[in-house]
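There are 2 protein chains.
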Amino acid sequence: MKFLMLVLDGLGDRPDKRGRTPLEAAKTPNMDSLAREGMTGLVDPIRPGIVPGSDTAHISLLGFNPYEVYMGRGPYEALGAGLTLKEGDLCFRTNFATLESRTNKIEDRRAGRISGNLSELEKAINDIKLPCNFEFKQTVDHRGVLVLRGKKFSDQITSTDPHKTEVPIRKCNSLDKSKESVSSASIVNKFSDLAQKALEECKLNAERKRDKLPPANALLLRGAGVYHENSTVEDAYGIRGSCVAGTAIVKGVAKSMGLEIINVPGATGGADTDIKCKLDFALKTLETRDFCLINIKATDNFSHDGNFKGKTEMIEKIDAKLGGIVRETNKNLVVAILGDHTTPCSLKAHSGDPVPLVIKGPTTRVDLSRGFDEKNCMQGGVGRIRGTDLLLILMNLAGKEKLYGA
Amino acid sequence: MKFLMLVLDGLGDRPDKRGRTPLEAAKTPNMDSLAREGMTGLVDPIRPGIVPGSDTAHISLLGFNPYEVYMGRGPYEALGAGLTLKEGDLCFRTNFATLESRTNKIEDRRAGRISGNLSELEKAINDIKLPCNFEFKQTVDHRGVLVLRGKKFSDQITSTDPHKTEVPIRKCNSLDKSKESVSSASIVNKFSDLAQKALEECKLNAERKRDKLPPANALLLRGAGVYHENSTVEDAYGIRGSCVAGTAIVKGVAKSMGLEIINVPGATGGADTDIKCKLDFALKTLETRDFCLINIKATDNFSHDGNFKGKTEMIEKIDAKLGGIVRETNKNLVVAILGDHTTPCSLKAHSGDPVPLVIKGPTTRVDLSRGFDEKNCMQGGVGRIRGTDLLLILMNLAGKEKLYGA
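Residue numbers (our numbering), protein chains in the order written: chain A, 1 to 406; chain B, 1001 to 1406.
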């Protein structure tokens, strides 16, 4: 038997003025049937009240304690972007940004959400001479990742991204007095200056200025993290998994834990993602793997926009594609559907509320749940569990747990 | 006030094709009345998803973390068989087995479930000359225990029991390169050879061959464990307990934690066990003890045989004897009835699903449970707790917990 962990990003919510959450408002016949024929519950992704990021939440759901293994966002973004990392690499998320040339202040943190072929900018950055090796990769639009290599680095340093406009790029400062932190900050500042110079000279930026578009004449760095090799899900639990996800961060977390990343055509991380294709690829990968983690990001995007209706409709759109999965749960598949964290539309940000969970397979007990939503889950037979418990629970139901004792 | 922990071995189950578990199918008026007048819940004996053995589960239920104290099966079997152990003793479970004399391959792992007076075989083994002290005790039928003494031993060694027939006895190998492991393996191999020679010469085996019965001409060893003295329940919790059980393993766990083992006439570990007598002895022992752990094994035996009807009837048989206990719970007794692990009849093996629990005494709150079964327990007011929590919960209800703080 195999199992599927279907994570609807930011799924959990709080009631709106009419007293309903998006999951309560949505018509979800497939998820409701899983709840009626299986069992529901609540998951605290990390621990009650803690507000999880998508990265720390997925670490928990894959059975590891984020307080022990979390490396900061940079390494996960870099892994998710397809880079190969080595022990000790210092990684960042990056943004192309626009500096106002006279004042040297940030005019646009995303360089007008620059898109298209940016290989000239990427090459210009990679041609910089630094006192260490490095690799820069532009990923989607203004976004990218930077990896510094070959020296002793520390991530106890500040971002160069001030997270606001009309201020200069921040100097990178060390957060402690160690040699590594001081020299890491110094290299980052050197990189930041040289990146600005290199980008100023790119033809693409001259063209953008001519076309009255904000030039990508600076690179903002944030999410510093030193990469450390993590023990994999296979090392720790003896099972082999795969991951279908649209976002780099989830792919990166999954990759850091040894899951095979399945690239699915049409998986965008947005509302236009090809849900059916993601689910089909996930089921396919189970032919050779014990489990698959699927992440659908769009529910979280709507939450961050405070778009209750959009989130509700996205949930309905996902539900409509679950018929095949529901059928498989009568045969050889255990499925769990849950959020990685709660993102209340009213808050437009993650919260520490527990997330709804439904589990159904041929081996599951049946509780009294009448549907899949926060209210039912609060009464559900799984009770209230921790994120790190879920993998073991699913392994047990899929017959992948070994006897401990005699 | 005193308390009773009544463990129905392997009680938890999963729904059959008709959607019912044995506990749901069974008519259990006494347990149901405890549930209606007390409260129910679910217990993860070790942690969610982990598949407990009876030994590791009982360690948890007695308030200890098995990951810290579990010694492997051998020492518990030896203690349960009545042997006195010393720090460092290397213990095994043993089986008399039949070797085919020409090929030296195992023909029967249980020597035709040999029974009767086997003292000649026991003596022959104990007369072997080994480079260390040892003690062998035949227990029930083909089963026994072996304890090696007086040297530095290691349990990082393999079994000689291949767990199948038509193969030779396995050589014992060390699992690491330590001196202790290598020398332990070497002594075990020497013992295994000498035991075979000694048994070959027993008159009983000549008689069995003549009667066309499989001779007990070899001894298979498994479950190696080095005995370490454990801190007792009394040391850790300040209360004194007793144990009524039919099986050596549960007795051994209880003994390793300082419980007094009450030997009850007619306690067999089988379906024919004298339930009434076990319960009467347990209540009697409470006159001088704070609590008693009772284990009834037969529910698990039926589960391992996949016998849903047998398990259901055994539950009903046990329930029928609980009238006296139910009455006591209105006076000075708190009782908890639960499984030590789930053994689904559909699986014929232990699983990591949580186990049903009911608690009732004159001090307990009352939840909305209508009866004692998995469905009610999933909604129960105790919620979902860990095995190690139970002892403290019962101590509290029986007024045996002291104020922590002020």
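Beta carbons: idealized from backbone N, C-alpha and C, even for Gly.
I'd like to know whether the C-beta atoms of residue i and residue j end up nearer to each other than 9 angstroms.
i	j	result
Ala111/A	Phe96/A	yes
Leu1099/B	Leu1293/B	no
Ala336/A	Leu394/A	yes
Leu1338/B	Val1358/B	yes
His163/A	Arg222/A	yes
Ala282/A	Leu8/A	no
Asp355/A	Thr364/A	According to the sequence shown, residue 355/A is Val rather than Asp. Result no, Cβ atoms of Val355/A and Thr364/A do not sit closer than 9 angstroms.
Thr388/A	Asn65/A	yes
Asp319/A	Thr139/A	no
Lys2/A	Asn330/A	no
Asp176/A	Arg386/A	no
Asn295/A	Ala245/A	yes
Pro362/A	Asp13/A	no
Gln379/A	Thr21/A	no
Ile187/A	Lys151/A	yes
Asn117/A	Ile325/A	no
Arg1370/B	Asn1376/B	yes
Leu1148/B	Ser1184/B	yes
Val1233/B	His1058/B	no
Pro1131/B	Lys1190/B	yes
Ile125/A	Leu219/A	yes
Gly1010/B	Asp1340/B	yes
Phe1134/B	Thr1094/B	no
Interface residues of chain A around residue i at Cβ under 7 angstroms?
i	result
Met1257/B	Per Cβ cutoff of 7 angstroms: no residues; Met1257/B is ~15 angstroms from chain A at best.
Thr1056/B	Tyr404, Gly405
Arg1240/B	By Cβ distance, chain A contributes nothing, its closest Cβ being about 25 angstroms from Arg1240/B, past 7 angstroms.
Check the C-beta distance from residue i over to residue j and give it rounded, since I have them as a contact under 8 angstroms.
i	j	result
Asp89/A	Tyr227/A	4 angstroms
Gln1196/B	Asn1217/B	6 angstroms
Asp1108/B	Pro1214/B	5 angstroms
His1302/B	Ile1239/B	Sequence inspection shows Phe at residue 1302/B; the His mentioned does not correspond to that position. Not really, about 33 angstroms apart at Cβ, beyond 8 angstroms.
Ser181/A	Ile157/A	6 angstroms
Ile1106/B	Val1145/B	Contact flag wrong, Cβ pair sits at about 20 angstroms.
Thr312/A	Ala26/A	5 angstroms
Gly1072/B	Gly1225/B	3 angstroms
Tyr1070/B	Gly405/A	7 angstroms
Ala1271/B	Lys1278/B	Not quite, the Cβ-Cβ distance comes to about 13 angstroms (not below 8 angstroms), so this is no contact.
Val1334/B	Leu1390/B	Contact flag wrong, Cβ pair sits at about 11 angstroms.
Ser60/A	Ile46/A	6 angstroms
Residue i touches chain B at which residues, Cβ-Cβ below 8 angstroms?
i	result
Leu368/A	Lys1375, Met1378, Gln1379
Tyr371/A	One detail in the question is off: residue 371/A reads as Gly in this sequence, not Tyr. Going along chain B, no residue has its Cβ under 8 angstroms from Gly371/A, so there is no contact; the nearest lies around 16 angstroms.
Interface residues of chain B around residue i at Cβ under 9 angstroms?
i	result
Thr363/A	Arg1014, Pro1344, Ser1346, Leu1347, Ser1351, Asp1353
Glu401/A	Gly1049, Ile1050, Val1051, Ser1351, Gly1352
Please list the partners that residue i has in chain A, where partner means a Cβ-to-Cβ separation under 9 angstroms.
i	result
Gly1019/B	Val366
Gly1383/B	Gly383, Arg384
Closer than 8 angstroms by beta-carbon distance: list the chain A residues that pair up with residue i, in chain order.
i	result
Gly988/B	Residue 988/B is absent from the model: chain B starts at 1001 and stops at 1406.
At a cut-off of 8 angstroms, would you count residue i as near the ligand NAP, judging by its Cβ distance to the nearest heavy atom?
i	result
Asn1307/B	Judged by which ligands are present, the structure shown has none, so any question about the ligand NAP falls away.
Verify the CB distance criterion: does residue i have a CB-CB separation below 9 angstroms to chain C?
i	result
Phe136/A	Although the question refers to chain C, the structure presented lacks it and instead comprises the protein chains A and B.
Item checked: Chain-ordered residues of the region 385-399 of chain A with a beta carbon less than 7 angstroms from chain B -> Those would be Ile385, Asp389, Leu392, Ile393, Met395, Asn396, in chain order.
Item checked: 4-residue-minimum alpha helix (DSSP H) runs that sit fully inside the region 1235-1305 of chain B, ordered along the chain -> 1248-1256, 1275-1285, 1298-1304
Notebook entry, point to check: Of all the alpha helix (DSSP H) runs that stay within the bounds of the region 51-139 of chain A, which reach a length of 4 or more residues?
Noted result: Taking only runs of at least 4 residues, the alpha helix (DSSP H) segments lying wholly in the region 51-139 of chain A are 54-61, 66-69, 73-80, 119-126.
Next item on the list: Could you name the residues of the region 1027-1054 of chain B whose beta carbon sits closer than 9 angstroms to any beta carbon of chain A, in the order they occur along the chain?
Entry: Gly1041, Leu1042, Asp1044, Ile1046, Arg1047, Pro1048, Gly1049, Ile1050, Val1051, Pro1052, Gly1053, Ser1054
Item checked: Near-chain A residues of the region 1107-1137 of chain B (beta-carbon distance less than 7 angstroms), N- to C-terminal order -> none
Next item on the list: Taking only beta carbons into account, state which residues of the region 1061-1095 of chain B come closer than 8 angstroms to chain A, listed in chain order.
Entry: When CB distances to chain A are screened at a threshold of 8 angstroms, the residues of the region 1061-1095 of chain B falling below it are Pro1066, Tyr1070, Arg1073, in chain order.
Margin query: Report the start-end ranges of each beta strand (DSSP E) in the region 1346-1391 of chain B that is 3 residues or longer and not cut off at the edges.
Written below: 1355-1360, 1383-1386
Check: Can you list the beta strand (DSSP E) stretches of 3 or more residues lying completely in the region 3-46 of chain A, in chain order?
Finding: 39-44
Item checked: Whole alpha helix (DSSP H) elements within the region 158-202 of chain A, 4-residue minimum -> 179-200
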